[in-house]
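Start counting the sequence shown at 1273; every next residue gets the next number (my numbering). Glycine included, every Cβ here is placed at the ideal spot set by N, Cα and C. Here is the structure we will look at, set down as structure tokens.
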Amino acid sequence: RRATSKNISALKALWPFVRPYRGLVFGAIAALLTTAIISLVLPLAVSRVVDGFETSAIELLDSYFVAALIISLFLAIGTGLRYYLVTRLGERVVADIRKAVFDRMLGMSPAFYEQVMTGEVLSRITTDTTLILSVIGSSVSWALRNALMLVGGLGLLFYTSPKLAGLVLLIVPLIIVPIVVLGRRLRTLSRENQDWIASSSGTASESLLSVQTVQAFTHEGQSRAAFASVTEKSFDSARTRIGTRAVMTVLVMGLVLAGVVGVLWIGARDVRDDAMTVGQLVQFVIYAVMVAGSVGALSEIWGELQRAAGATERLVELLEAEDTIVEAASVQPLPVQISGRGTFENVTFHYPSRPEVAALCDVSFSVSPGETIALVGPSGAGKSTVIQLLLRFYDPDTGAISVDDHALTTLARPDFRRFMSLVPQDPVIFADTARANIRFGRPEASDAEVEAAAKAAAAHDFLAQLPEGYATYVGERGVMLSGGQKQRIALARAILRDAPILLLDEATSALDAESESAVQAAVEELARDRTTIVVAHRLATVKKADRILVLDAGRIVATGTHDSLVADGGLYARLARLQFTDGLAAE
């Protein structure tokens, strides 16, 4: 549930985003002032027109109508201009806020997302910015306009008829009470309704994204019932909100209309007694309606400002969030090319979400340019952690990691990451074409280079058979592809990047034997003149490594070649018997 902020001053944080568009702000304020003044003048013109019916001078009557028409046209033009300027300002500012938040979030390290749900970040970028849009794009200008109408209307009420103005002031508090009391209740119900809508959407999304599992376990009935239950609760909440709004409408309209009738009744008697003219009475009624409407609008806008203040606070939290990975004040430049030497020196690391367990403990090793090392060990030994630290997704608690004798903490992250190609254990496929997915790591690559990389990754044949070949849209998260096909596209992406350091995290785990053989040959060719770090469970991959590091509980417990480690009869030999049996049998 999103709490309503009471601190309206939080909206000041929006000024840095509004400041670049001061011209739009001043233009909108000018249009707003013009329309407010014209709106206040219009009843005076109406009064002259009404009283003009009693004059015998037709020319004077015509001039009143012409003046009223001109004022009305200026009001329409000013209102349209105000709407355009204010709405454009709101859309521009919100677009800038969304870009700023997204830019900030895209640069945050994975440690940040261990503490914050991605869905919450997306909600702030979409839902919270929508609230801000409603404030900048309408509420603020509407509030200023209604404040002007309230002050100006009250003044002109007393100018028209002090006696009737005093009676109107007695009615206004009666109108405010239901608006404030029921308005607060409406805001609570609106938030509750939005919560149920979000819950309904979440339930539907979860089931639809996992529809194969739902159907495989014949869980359709329960899933439908769960969605129906949440949706019905959303409807019940909406029905309560609608009922409350209807009651408030009845009370406010009833009080306003009763007040107008009462004022008309007293005013009519004054007209009959020649205490005021018919035009003045009409003028007074119009001003009374303006004042009452302004009071109601301002009370509603106050609630919107409170919600927007809360949204602003949440967005500012993201913009000011501290990343655990801090760039050096003065970063060292890297050369155009690097040799690919990597070094871990006494590295100890705990994941922020698991501070009590060391993922790596006093790990030291180096990899020479062009060397291939394999990381082997049971699950949770720290193999993938080595790759994550080398990419500087996290910083070690103690120790140092360097590339070509440059400590990673002294380099800008994009500078050294451009020399690395990663094939993760769970390949990430974007909702785009197959060609765009392969080209992801090197956008400037030609179509011929993309196809060459696909052939090297044994992906060309299946891609060519897709309905539109490489231009085929592969769906969200690559839903149209098998696990092995996704992995081959991810490998083609790494091949195309052509970086001097290659990081393979179980890169062939989802491949069949024939594809693995073809991909293994491509990896061998790719690794020939590159520094390669492989997390592997397959014997074929491990045996080809120049050196094998055996990890257990975050420590390197053995180092050597396949043959020497098997001969030692330690953890590696046991893993070889358990995990590499297919390869050993082949031997």
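Fill in: Three-state class that DSSP yields for residue 1361 in the structure shown
helix
Discussion item. Check for me: the beta strand (DSSP E) holding residue 1636 runs from which residue to which?
Written reply: 1630-1639
Item to complete: Would you decide whether residue 1304 is buried or exposed? Buried here means 16 or more other CB atoms lie within 10 Å of its CB.
Response: buried
Practice prompt. Take the Cβ of residue 1755 as the centre, count every other Cβ of all protein chains shown within 10 Å, and call the residue buried at 16 or more, exposed below.
Written response: exposed
Worksheet entry | Rounded separation between residue 1482 and residue 1282 - CA only | 40 Å
Worksheet entry | beta strand (DSSP E) runs wholly inside the region 1676-1710, at least 3 long, in chain order | 1692-1695
Worksheet item: Between the beta-carbon of residue 1606 and the beta-carbon of residue 1683, is there less than 8 Å?
Response: yes
Worksheet item: Does DSSP put residue 1275 in a helix, in a strand, or in coil?
Response: Residue placement at residue 1275 cannot be trusted, given a pLDDT of 46 that sits under 50; what the coordinates show is reported in the next sentence. Coil.
Discussion item. Determine whether the beta carbon atoms of residue 1597 and residue 1667 lie at a separation below 8 Å.
Written reply: yes
Worksheet item: Who pairs with residue 1775 in a beta bridge, going by DSSP?
Response: 1694 and 1805
Worksheet entry | Selected residue, minimal CA-CA separation from residue 1671, among 1529, 1840, 1636 and 1363 | 1636
Fill in: Cβ-Cβ separation, residue 1552 to residue 1876 (assumed contact under 8 Å), whole Å
Residue 1876 lies beyond the stretch modelled for the chain, which goes from 1273 to 1859, so this question has no answer here.
Worksheet item: Looking only at C-alpha atoms, which of 1535, 1602 and 1743 sits nearest to residue 1561?
Response: 1535
Worksheet item: From this set, 1760, 1650, 1654 and 1703, which residue's C-alpha is nearest residue 1694's C-alpha?
Response: 1760
Worksheet item: Considering only residues of the same chain and omitting the five flanking positions on each side of residue 1675, which have a CB-CB separation below 6 Å?
Response: 1614 and 1688
Item to complete: Look up residue 1623 in the DSSP assignment and say whether it is helix, strand or coil.
Response: coil
Fill in: Residues bridged to residue 1283 (per DSSP)
Bridge partners of residue 1283: none, in fact.
Worksheet entry | Exposure label - residue 1487; buried when at least 16 CB within 10 Å | exposed
Worksheet item: Do you know how far the Cα of residue 1527 is from the Cα of residue 1429?
Response: 19 Å
Worksheet item: For the alpha helix (DSSP H) that contains residue 1765, what are its first and last residues?
Response: 1755-1769
Worksheet item: So the beta strand (DSSP E) residue 1829 belongs to, where does it begin and stop?
Response: 1827-1832
Worksheet item: Three-state secondary structure (DSSP) at residue 1346?
Response: helix
Worksheet item: Can you name the start and end residues of the beta strand (DSSP E) that residue 1820 belongs to?
Response: 1819-1824
Worksheet item: Can you name, in chain order, every residue of its own chain whose Cβ lies under 6 Å from the Cβ of residue 1417, other than the five neighbours on each side?
Response: 1304 and 1308
Practice prompt. Using a threshold of 8 Å, state whether the C-beta atoms of residue 1353 and residue 1425 are closer than that.
Written response: no
Item to complete: Between the Cα of residue 1641 and those of 1508, 1772 and 1376, spot the shortest distance and give me the residue it belongs to.
Response: 1772
Worksheet item: For the putative contact between residue 1583 and residue 1400, defined by C-beta atoms under 8 Å, what is the C-beta separation to the nearest angstrom?
Response: 4 Å
Worksheet item: Where does the unbroken alpha helix (DSSP H) through residue 1722 begin, and where does it stop?
Response: 1719-1728
Worksheet item: Taking the alpha carbon of residue 1511 as the point to measure from, which residue in 1499, 1458 and 1714 has its own alpha carbon closest?
Response: 1458
Practice prompt. Using 10 angstroms around the beta-carbon of residue 1501, count the other beta-carbons present and answer buried if the total reaches 16, otherwise exposed.
Written response: exposed
Worksheet entry | N-terminal and C-terminal residue of the beta strand (DSSP E) that residue 1645 is part of | 1644-1648
Fill in: Rounded C-alpha distance that separates residue 1587 from residue 1383
19 Å
Discussion item. Helix, strand or coil for residue 1674? Go by DSSP, reduced to three states.
Written reply: strand
Fill in: Environment of residue 1822 [buried if 16+ CB atoms lie within 10 Å]
buried
Worksheet item: Beta carbon of residue 1814, beta carbon of residue 1776: below 8 Å?
Response: no
Worksheet item: Grouping DSSP H, G and I as helix and E and B as strand, with all else coil, what is residue 1745?
Response: strand
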